[in-house]
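For reference, the structure discussed in these notes is given below.
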């Protein structure tokens with residue numbers, strides 16, 4: 001694999017940004033090029049101007065060639081007009097950001113093959129000057145994340161321009177190696193800025209400005225030659241070169257040491273530390289879009305390798321790593337509020353998020369939003385809400401500890417004790433002190449594709465009751481719940497649910513206070529795709545069961561039977577293709593829990609939404625009747641603001657048809673005229689043809705795909721969490737192809753790949769190809 | 001109280017920032033002033049140039065006066081030299097940012113008293129141009145948070161300058177009302193920027209630039225007069241004025257509606273909703289430093305009132321709301337990574353934070369850091385760690401559920417079920433389903449000041465055993481643990497602890513797996529100040545008790561007895577004046593938990609630090625032997641980066657002597673020569689004299705002060721959480737004085753005020769005065 005890496009031991013590469021246009025980037029570049037050559041006479045010095053417009057800019061690399069003749073100069077894209085590249089590009093062919101990046105990377109690779117050396121990449125204009133595609137330079141070059149030399153603005157007003165330019169780079173995750181300045185006696189920007197950047201630990205180099213132009217071209221050249229000679233020999237320039245060079249070395253040393261230091265210091269989540277070593281720890285330098293930049297010490301090809309984040313960073317990632325809009329949203333809220341105490345107070349981001357979430361959930365039952373910090377705490381809140389509401393209504397004469405929940409086998413709701421207690425005993429929790437599974441968990445029929453067919457398969461022990469496998473012509477038909485309600489399967493499900501509950505409650509004397517389930521796909525349990533009809537009927541059967549007397553004169557939004565909790569932490573917010581998976585189930589929960597994608601993949605935050613009738617159960621004359629739960633950072637403005645932005649972005653993408661091509665793909669070839677509109681919402685970013693092919697592999701037992709989730713269950717005798725069947729495939733993906741590695745996580749013998757909501761089609765198709773190559 | 005408000009119904013105030021120097025701020029201001037006058041002929045239009053330097057800038061308000069003669073112009077501070085204000089100020093008297101803000105606020109107040117009108121505040125230079133004090137304008141004016149009209153840069157390079165200027169304002173929490181632009185045919189910045197800002201929902205107004213200067217001064221004036229007349233009558237200018245005016249109204253309407261909408265939508269933590277109404281909900285527009293800007297609908301004096309955040313936003317706040325350094329740190333990590341999956345991976349902020357925390361904790365036992373999302377989850381992790389380690393060593397033959405913790409009465413460790421289970425039954429948890437207090441909680445002697453004397457008072461039931469109250473000459477003496485170890489109190493404490501444990505374990509047959517305590521002050525339990533000697537002896541007695549056989553050949557860092565957990569979530573990271581309260585106790589925990597101040601008051605994050613011998617208990621051949629706990633956003637880079645910055649800032653403040661004046665205050669008048677160095681670390685930002693005075697009030701039972709915490713226990717018969725004794729005092733503080741309100745929270749009959757680590761002395765003295773006025 002030829003990896004596109006922006007960091008190699010043999011190549012010191014720096015990016016020259018200007019705090020403004022006409023601040024002397026090229027003059028500084030000339031000095032730096034000459035000085036590097038002086039410092040390392042046997043090494044190459046390259047100067048790269050990726051995009052140049054008009055004779056003025058063209059002069060940049062000619063200027064370098066003239067005054068630092070030993071520097072190897074190159075321009076990748078030349079536009080004729082001397083205007084902003086985005087205007088120049090209009091009259092030329094369209095040039096995309098990724099084309100520019102690919103060419104730059106190819107050049108960096110070529111330079112780094114030629115032995116040790118230094119490369120300066122000079123940008124055009126200021127940090128946010130438009131690129132040919134109309135984006136900003138700071139965004140265009142961000143995936144490379146080269147260390148920056150910022151040429152400050154020495155003119156009047158230049159202090160402000162220089163600091164703002166720094167901030168624009170900083171909030172995009174760039175590191176500034178040094179600030180280059182021309183001294184100006186009148187404005188003294190350099191003295192102010194030197195102190196300013198020193199406080200931030202950033203060095204600066206101040207040099208006298210070039211002398212006035214000579215009377216003739218020839219004399220001018222001589223004057224400039226002298227100037228460059230003098231400058232490049234200055235002690236402080238030499239020191240600056242040494243420091244730049246040292247930073248390159250230190251960056252590599254730091255990357256090299258990180259996994260060892262992490263192994264010494266970090267106690268990892270869900271990790272048997274006996275199984276890990278510095279060699280197995282992935283060092284992530286940075287990330288952008290769907291890709292980590294991971295350090296690979298042994299690779300000759302490069303030291304930073306782009307690696308597809310195939311677990312969507314533990315299922316959180318939605319809008320791309322290093323998304324500048326989310327950074328700005330976070331920083332805006334941090335700047336406007338920091339955190340502000342939320343008990344009895346309101347701030348705009350918390351209010352906007354609650355209103356927006358309730359609006360798009362579009363569930364008439366849900367009226368109130370309770371904030372907490374993550375899915376696990378949000379589920380504890382949900383359980384506290386439901387149990388209190390049940391007790392309040394039914395006034396059971398049993399100890400409060402002994403009431404349980406109804407759930408599904410293989411469910412998982414988080415790692416705090418209360419959330420664990422709502423899950424069936426399993427490897428995750430059986431060794432945990434204080435854990436006690438409280439409830440009953442139904443086994444359930446599963447949806448999967450096997451050898452090209454979508455099927456619903458009852459669990460082994462229930463095939464006598466439910467029958468064998470049922471085949472469907474399309475995934476959509478499985479979601480056509482209204483059509484399936486009257487089917488024989490529907491009747492069997494209802495009967496089974498009723499009889500089981502009756503046995504548990506009336507024969508075994510158990511008490512239950514809530515129905516808790518992850519709608520459609522049970523994630524951590526192994527990407528178990530539940531038959532939506534079964535989940536639909538579980539809720540409706542409990543809600544109408546004579547086991548639970550309904551309150552008289554209740555509004556249609558009042559909960560009946562037991563409060564229904566949807567744990568949408570993993571499955572919500574477009575992870576499965578719809579804003580809420582409750583739409584796919586055609587079932588309105590009384591309580592729903594939202595986290596992970598809520599902040600687009602940036603910071604922890606959770607919303608537990610609840611109905612008025614749940615809320616009312618906590619009204620009382622005493623404070624202790626209230627829901628006495630709260631975290632210090634409840635509804636922290638940073639998280640809320642980022643969530644407001646994330647929801648708006650994702651809803652906007654849906655409205656703009658961002659996923660229409662995938663929806664079309666999944667509609668094609670189905671007998672869909674007969675299914676309802678809501679059923680057609682079952683689609684995936686993973687292509688239908690690819691999923692079909694995977695299902696025919698001899699190594700594959702079954703496959704599922706929905707929304708951005710793809711899960712491949714491999715043939716393996718030793719099923720369950722301790723299985724290692726998928727690790728072979730996982731290793732093959734990590735070898736990568738098409739210039740990037742693919743980092744995925746496995747759950748027993750299930751290997752899953754999770755895209756973000758903004759994954760590019762090319763990357764997805766490339767991963768599909770790699771997967772098929774590995775499977776066949 | 002004369003509140004300093006920046007928002008009043010009667011005054012539309014806008015701040016004009018320039019994307020650079022010389023972009024035409026004054027020309028735009030003139031047009032806007034004239035157009036406002038045209039739109040609202042009967043109303044006032046003010047123009048304020050707070051700081052003006054030299055004849056060039058001086059011209060600004062003269063220019064307005066000349067071409068918009070009906071505008072009332074004012075300059076507050078005039079410097080003679082035509083250079084940057086910070087240079088000008090060097091040759092003049094020093095001018096602080098707060099002086100400037102106070103004068104601006106006074107002027108805003110005066111204008112708003114004169115009936116309806118509009119005010120434009122024009123800044124000098126660009127957004128980050130230095131102020132006379134050397135800070136940046138964007139920071140200087142931030143506490144006012146006036147809506148912004150940004151004058152874009154229409155020159156070559158101006159796109160970049162304009163976007164960067166916007167970003168610098170945005171990350172400080174400013175709202176942009178509009179972008180004002182001069183059209184330039186060549187560079188077409190305005191077309192690009194109009195689209196750019198439109199996508200962000202920000203309107204813009206593009207106008208033709210002023211004509212070239214006339215040949216004579218007189219002709220030039222005429223040309224400009226014509227230009228202004230024409231411009232101020234343009235339809236699009238009229239629309240822009242209408243839109244600006246409407247935004248002012250909408251901002252007020254929004255603030256007015258927020259508490260009602262919150263009451264409809266939000267389910268508040270720890271809140272009996274029957275007790276709240278829209279009227280009781282505090283609407284927080286924004287915050288800076290220690291102050292919220294709260295909306296007060298009924299106040300004639302102003303609609304936004306500065307309100308001291310006296311609960312330090314639920315004990316989280318350390319470095320000031322809207323701290324730009326923390327915003328930048330958050331945005332940097334968001335830009336560099338977003339969130340990246342942490343299982344088996346490492347990124348720089350997580351590694352730096354773990355290393356930095358372990359370094360400054362300076363506890364040879366602590367070697368590993370486990371990340372989670374808040375204090376409650378971090379405590380669950382700590383308990384899981386300790387119980388597994390105990391079981392692993394002692395191999396008790398009891399059900400895993402039945403092992404308990406040793407703790408202190410009144411303790412609180414968070415609201416998830418596992419954290420609750422570690423606390424004694426109380427009002428907080430007794431109604432919670434699934435809660436079960438698992439352990440034994442010691443009552444303990446408390447430290448307090450009563451009528452001018454620092455005392456240690458045993459609990460009522462233990463006075464027979466421990467004796468009556470002991471008086472100390474100073475708070476420091478109470479912390480002189482080495483000196484007190486051999487005292488009669490020390491011997492009695494040890495004996496009591498040993499006998500109690502023996503009874504619980506050998507007679508009652510109980511099993512305990514950990515000692516869990518909040519060092520020094522038990523916060524949520526009512527700011528209970530435990531005798532540090534008792535806490536010290538509790539740990540050392542358990543560690544050396546023959547009840548727990550020690551492992552052979554253990555290193556000094558190996559835990560003995562039971563693992564000792566310090567819940568430092570509230571008391572750590574300088575809240576009590578030292579980096580860790582363990583220093584005050586002279587006791588090294590085996591596990592310690594850190595949150596709240598960890599991120600300086602910005603986002604949730606928690607670190608659970610543990611010793612190698614605790615960590616080793618989870619090493620095994622199977623994955624399920626590991627600590628199977630983890631949250632999706634484990635070690636999220638935004639939180640880690642902000643925490644790295646916060647710790648560096650706070651340690652830096654200590655090293656620079658930021659709190660030396662307070663330390664001196666608490667040293668004075670004590671017989672401190674005789675106490676150890678560590679005991680002298682007992683000091684408070686609340687002045688010693690003030691604390692003494694409070695203790696003499698007839699309304700006060702006792703008072704404590706340590707670090708940034710002040711807690712006043714009021715005389716009240718009905719003690720406990722349901723008491724309402726302190727609400728009277730709370731209400732008086734909310735009326736405020738000295739131009740600001742004071743928002744505090746109460747715990748039963750304890751009223752506490754918590755400063756941040758950066759609270760200004762003047763504010764603290766002012767609050768002390770208000771408190772004394774209310775108490776006497």
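Protein chains in written order, with UniProt numbering: chain A, 1 to 776; chain B, 1 to 776.
Just so you know, even glycine gets a beta-carbon here, dropped at the ideal spot from N, CA and C.
It is roughly 14 Å from the alpha-carbon of residue 376 of chain A to the alpha-carbon of residue 597 of chain A. Looking at the backbone, the Cα of residue 450 of chain A and that of residue 457 of chain A are separated by about 10 Å. The continuous stretches of beta strand (DSSP E) do not include residue 763 of chain A, which lies in the alpha helix (DSSP H) extending over residues 761-775. Residue 161 of chain B and residue 30 of chain A have their C-alpha atoms roughly 24 Å apart. Within the region 183-199 of chain B, those residues whose Cβ lies closer than 8 Å to any Cβ of chain A are, in chain order, 186, 187, 188 and 192.
Neighbours of residue 328 of chain A in chain B, taken as residues whose beta carbon is under 8 Å from its own, are 167, 170, 171 and 331 in chain order. Secondary-structure assignment with DSSP links residue 44 of chain B through a beta bridge to B/117.
For residue 733 of chain B, the uninterrupted alpha helix (DSSP H) segment begins and ends at 727-735.
Counting only Cβ-Cβ distances below 7 Å, residue 262 of chain A has contacts in chain B at 346 and 351, in chain order. Pairing residue 606 of chain A with residue 356 of chain A gives a Cβ-Cβ distance that is not under 8 Å. Under the three-state reduction of DSSP, residue 633 of chain B is assigned to coil, being neither helix nor strand. For a cut-off of 8 Å, the C-beta gap from residue 690 of chain B to residue 568 of chain B is around 27 Å, too long to register as a contact. In the DSSP secondary-structure assignment, residue 457 of chain B is bridged to B/446. For the C-beta of residue 362 of chain A, not a single chain B residue is nearer than 9 Å; the gap to the nearest is close to 15 Å. Residue state for residue 171 of chain B is assigned as coil, using DSSP reduced to three classes. Remark: C-beta atoms of residue 438 of chain A and residue 421 of chain A approach each other more closely than 8 Å.
From the beta-carbon of residue 436 of chain B, the residues of chain A found nearer than 7 Å are 401. At a cut-off of 8 Å between beta carbons, residue 432 of chain A contacts chain B. Identification of chain B residues near residue 342 of chain A by a Cβ-Cβ cut-off of 8 Å yields 268, 269 and 314, ordered along the chain.
Nearest to residue 280 of chain B by C-alpha distance, out of A/152, A/344 and A/264, is A/344. At a cut-off of 8 Å between C-beta atoms, residue 337 of chain B counts as an interface residue with respect to chain A. With a 10 Å radius around the Cβ and a threshold of 16 neighbouring Cβ atoms, residue 347 of chain A comes out buried. Under the DSSP assignment, residue 306 of chain B falls outside any alpha helix (DSSP H), being part of the beta strand (DSSP E) whose first and last residues are 304-309.
The beta carbon of residue 33 of chain A sits closer than 7 Å to those of 45, 47, 64, 68, 71 and 120, all from its chain and outside the five residues before and after it, given in chain order. Contact annotation for residue 531 of chain A against chain B: no contact, minimum CB-CB distance about 27 Å [criterion: below 7 Å].
DSSP, reduced to helix, strand and coil, places residue 260 of chain A within a helical segment of the structure shown. Among the bridge pairs identified by DSSP, residue 606 of chain B is matched with B/372. Below 8 Å, too few C-beta pairs join the region 389-397 of chain A and the region 348-368 of chain B to call them touching: fewer than three.
Counting C-beta pairs with one atom in each stretch, the region 565-580 of chain B and the region 516-528 of chain B have three or more that are closer than 8 Å, which means they touch.
Neighbours of residue 25 of chain A in chain B, taken as residues whose beta carbon is under 8 Å from its own, are absent, since the nearest beta carbon is some 11 Å off. Between residue 360 of chain A and residue 647 of chain A, the gap from beta carbon to beta carbon is short of 8 Å. Chain B places no beta carbon closer than 8 Å to that of residue 527 of chain A, leaving this residue out of the contacts.
Residue 424 of chain A and residue 470 of chain B have their C-alpha atoms roughly 54 Å apart.
Contact between the region 584-593 of chain A and the region 476-485 of chain A is established, with three or more Cβ pairs separated by less than 8 Å.
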